[in-house]
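Heads up, the thing below is written out as structure tokens.
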Amino acid sequence: MTASETTKKGDLSSNSPTKRKRAGTSPILPNKKPRLENTLNLSSTEDAKALQAVESKYDVQVHSIISSSKIQKKVTSVLRHLTSPPANKKVSVLRAKVSDTGKLISIAEIAKRELEKPGDHGRVWFQYIALGEELRERPREEGNTIIEETRLDGDDDDDFEVMKTPFERAVEGQPRLSGVPIMSLFLCQVPVEELKKCYGEQTNSDPA
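Mind the numbering: the sequence shown is residues 2 to 209 in my numbering, read in order.
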């Protein structure tokens, strides 16, 4: 190989394309777990403080109840969480829209009866109920307003010009927000002072 051939080979090597990292790319990070107050649609300052304190101290599991939920399957899931060690750090939350609260209550009552069975040493339970509201979008119905009466020449009948108000024109096409009541039922085997202060307390424990 001559010196000129060596030089040419070196030039080709230096000019060959090299792989570069794509600008602006970064590793995909896992989504952060939503705060409990957002999951349960409880937005007041008192709710937020109480639920943040609960999340920091306890292992909280949320069970969403819908019309198709199987009662026994949900009961099993709730009991599995509440009775797994350490049981004094577990909180189960049943969450449902107002139309499904009947099923939510049934699941909670069966779970409490199971906890009370003598074979389980008659476990103590504590219950707290919070009410929230979820905002949902729905299509805005069109409405017309009669604002002016006009009479046509040669016609004895009254005709009305139908026009939209400025407000109707401004919100035309925008969705209407409506509130859907949400019930959240907290169930645990230890008293939770933060929840008691906000929502009161029910328990099968004998008063001290």
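We treat Cβ as the ideally placed atom computed from N, Cα and C, and that holds for glycine.
> Cα separation between K197 and L116?
Replying inline: Here residue 197 refers to the residue found at position 196 of the sequence shown. Here residue 116 refers to the residue found at position 115 of the sequence shown. If I take the Cα positions, the gap works out to 20 Å.
>> What residue range does the beta strand (DSSP E) around S179 cover?
In response: For the purposes of this step, residue 179 is identified with residue 178 of the sequence shown, where counting begins at 1. R177 to C189 is the span of the beta strand (DSSP E), which, as asked, contains S179.
> Between I72 and L95, is the Cβ-Cβ spacing less than 8 Å?
Replying inline: Position 71 of the sequence shown holds residue 72. Position 94 of the sequence shown holds residue 95. Contact: no.
> What distance in whole Å lies between the Cβ atoms of S93 and L83, which are believed to be in contact at a cut-off of 8 Å?
Replying inline: As a position in the sequence shown, residue 83 is number 82, starting the count at 1. As a position in the sequence shown, residue 93 is number 92, starting the count at 1. Yes, they are in contact, since the Cβ atoms of L83 and S93 sit about 6 Å apart, within 8 Å.
> E38 bridges to which residues according to DSSP?
Replying inline: Your numbering for residue 38 matches position 37 in the sequence shown. Looking at the DSSP assignment, E38 forms no beta bridge with any residue, so it has no partner.
>> I'd like the span of the alpha helix (DSSP H) that includes L52, first residue to last.
In response: The sequence position of residue 52 within the sequence shown is 51, counting from 1. It spans T46 to K58 - the alpha helix (DSSP H) in which L52 sits, taken as one unbroken run.
> Below 8 Å between beta carbons: does that hold for V191 and V55?
Replying inline: Taking the sequence shown and counting its residues from 1, the one referred to as residue 191 is at position 190. Taking the sequence shown and counting its residues from 1, the one referred to as residue 55 is at position 54. Cβ distance not < 8 Å, so V191 and V55 don't count as in contact.
> Given K90, which residues of its chain have a CB within under 6 Å of its CB, disregarding the five upstream and five downstream residues?
Replying inline: Here residue 90 refers to the residue found at position 89 when the sequence shown is read from its first residue. The residues are Y59 and D60.
> Beta-carbon separation of L188 and Q128 under 8 Å?
Replying inline: Start at 1 with the first residue of the sequence shown, and residue 188 comes out as number 187. Start at 1 with the first residue of the sequence shown, and residue 128 comes out as number 127. Going by C-beta atoms, L188 is nearer than 8 Å to Q128.
> Assuming S185 and A131 make a contact with CB atoms under 8 Å, what is their CB distance in whole Å?
Replying inline: Taking the sequence shown and counting its residues from 1, the one referred to as residue 185 is at position 184. Taking the sequence shown and counting its residues from 1, the one referred to as residue 131 is at position 130. The pair is a contact, with the Cβ atoms about 5 Å apart (cut-off 8 Å).
>> Taking 8 Å as the threshold (C-beta atoms), are V181 and K98 in contact?
In response: As a first step, residue 98 is located in the sequence shown; it is residue number 97 there, counting from the start. As a first step, residue 181 is located in the sequence shown; it is residue number 180 there, counting from the start. Yes, the pair counts as a contact, with Cβ atoms nearer than the cut-off.
> By Cβ distance, which residues of its chain are closer than 6 Å to V76, with the 5 residues on each side in sequence left out?
Replying inline: The sequence position of residue 76 within the sequence shown is 75, counting from 1. Cβ within range, chain order: I108, I111 and A112.
> Helix, strand or coil: which one does DSSP assign to G120?
Replying inline: On the sequence shown, residue 120 is found 119 positions in, with the first residue counted as 1. Note: G120 maps to helix in three-state DSSP.
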